[in-house]
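For what it's worth, the working numbering labels the leading residue of the sequence shown as 290, then goes sequentially. Think of the CB as a built atom: it goes at the ideal place given N, C-alpha and C, for glycine as much as any other residue. Here's the structure we're looking at; comments come further down.
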Amino acid sequence: MLNKRYLPSITALQCFEAVTRHLSFTRAAEELNLTQSAVSKQVAQLEELLQHLLFRRVRRRLQLTPAGDLYLVEVRKILTQVEMSTHYLRSYGGETEVLRVSTPYTFGARWLVPRLKGWRLRHPHIHLDLCNEQEPDELLQGHSDLAFYFGQGARPGTESLKLFSEELVAVCAPDSLPAEPLTDPRQLADLVLLQNASRPQGWHEWFEQQGYQTEHSYHGPRFETFYMCIRAAQVGCGVALLPRFLVEEELAEGKLVIAWEYAMPSQDAYYLAYPEHSAEVPKVRDFVRWMLERIDQ
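Below is the structure:
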């Protein structure tokens, strides 16, 4: 539970933030339609709660203390979030439902988002709220209604629909390849192997499945997402091992090229999951039907 003893009021936070912008209690009071003494009192109470001075007077002018400067960053985050949440709720009518969908970042940006075109027209009362979550276990904790994930089979307590498998290809910028054609995939190690944190054994398996071994398969800069790997390869940082469907656009436009003609099929697949108890929830059914209609687009 929250300890209310250490929760300042929104008014106090607003007064503090206004004073930091104007460096004047009087002008902050005018902006907030309060008296100067009321604003001063709110800030004083805030300082008492924090046990730190937030302002000091230097040559008759207000100046933020180091503690005040630090606190200001957090206060602005809080006030911005409160404002956004208020606008968020005001935007709905009484019939509107929110459908929370979690997705891996690059998959969501590259594959999912283009397939959401037209959703609002068909389902005007279902507001999509997409977030970047990696774990389908979040479903069982009520953090999302549906989750896209990459893995093997269904997770306990959920129903999972297999969407499609993938194949991994080695790609790089056209000018990253040497003038002479490669004769051995191990030569790619001379171009720098870009590593993906979610697939740490990717390059090792790629070489192994072709009957090769190299001591460099785990060497190279490591990136958190496929999107970072795509950009790194595109600007010439090295060779990235990526799902082909995520780089179809770059390959078609010539921004990336296949560095070695071998596509490694993955043993895992992409799934759409939702809690078992949500199977008959209309908004969940509508979204599942929508995605199944667009899976091959």
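Asked: Say whether the region 358-375 touches the region 392-408, bearing in mind that this needs 3 or more beta-carbon pairs closer than 8 Å, one atom from each stretch.; Found: no
Asked: Excluding the 5 residues preceding and the 5 following His-412 in the sequence, name in chain order all residues of the same chain whose CB lies nearer than 7 Å to its CB.; Found: Asp-575
Asked: Tell me Glu-448's beta-bridge partners as DSSP assigns them.; Found: Tyr-563
Asked: Can you name, in chain order, every residue of its own chain whose Cβ lies under 7 Å from the Cβ of Thr-503, other than the five neighbours on each side?; Found: Arg-475, Ala-478 and Phe-496
Asked: Please report the residue range of the beta strand (DSSP E) in which Gly-440 lies.; Found: 435-440
Asked: With a CB to CB cut of under 6 Å and the five nearest residues on each side skipped, what residues in its chain are close to His-341?; Found: Ala-356
Asked: Would a C-beta distance cut-off of 8 Å place Leu-466 and Trp-492 closer than the cut-off?; Found: no
Asked: Helix, strand or coil for Ala-558? Go by DSSP, reduced to three states.; Found: strand
Asked: Thinking just about the alpha-carbon of each residue, which of Met-580, Leu-323 and Leu-302 is nearest to the one in Leu-452?; Found: Met-580
Asked: By a C-beta neighbour count over all protein chains shown, 10 Å radius and 16 as the cutoff for buried, is Ile-519 buried or exposed?; Found: buried
Asked: Since Leu-388 and Lys-572 are thought to touch, with beta carbons under 8 Å apart, how far apart are those beta carbons, to the nearest angstrom?; Found: 5 Å
Asked: Give the DSSP-derived three-state secondary structure of Ala-317 in the structure shown.; Found: helix
Asked: From the DSSP output, in three-state form, read off Thr-472 for me.; Found: coil
Asked: Smallest Cα separation from Gln-499: which of Asn-485, Leu-482 and Pro-554?; Found: Pro-554
Asked: Pull up the CB-CB distance for Val-460 and Ala-548, whole angstroms please, since I reckon it's below 8 Å.; Found: 6 Å
Asked: Compute the beta-carbon to beta-carbon distance between Ser-433 and Val-390, rounded to the nearest angstrom, for a pair I have assumed lies under 8 Å.; Found: 6 Å
Asked: Can you give the beta carbon distance from Ala-307 to Glu-320, rounded, assuming they're within the 8 Å contact cut?; Found: 5 Å
Asked: Quick one: Cα of Tyr-295 to Cα of Lys-330, how far?; Found: 17 Å
Asked: Can you list, in chain order, the residues of its chain with a C-beta nearer than 8 Å to that of Asn-421? Leave out the 5 residues immediately preceding and following it.; Found: Ser-391, Thr-392, Pro-393, Tyr-394 and Gly-397
Asked: Drop a sphere of 10 angstroms on the beta-carbon of Gln-484, count the other beta-carbons inside from all chains shown, and report buried for 16 or more, exposed for fewer.; Found: buried
Asked: For the candidate residues Pro-470, Ala-436, Thr-309 and Tyr-516, whose alpha-carbon lies nearest to that of Thr-234?; Found: A question about residue 234 goes unanswered here, because the residues of the chain that appear run from 290 up to 586.
Asked: According to DSSP, is Val-362 part of a helix, a strand, or is it coil?; Found: helix
Asked: Within this structure, are the beta carbons of Leu-435 and Ala-562 separated by less than 8 Å?; Found: yes
Asked: Could you give the DSSP three-state label for Glu-550: helix, strand or coil?; Found: strand
Asked: Given that a residue counts as buried once 16 or more other Cβ atoms are within 10 Å of its Cβ, and exposed if not, what is Ile-584?; Found: exposed
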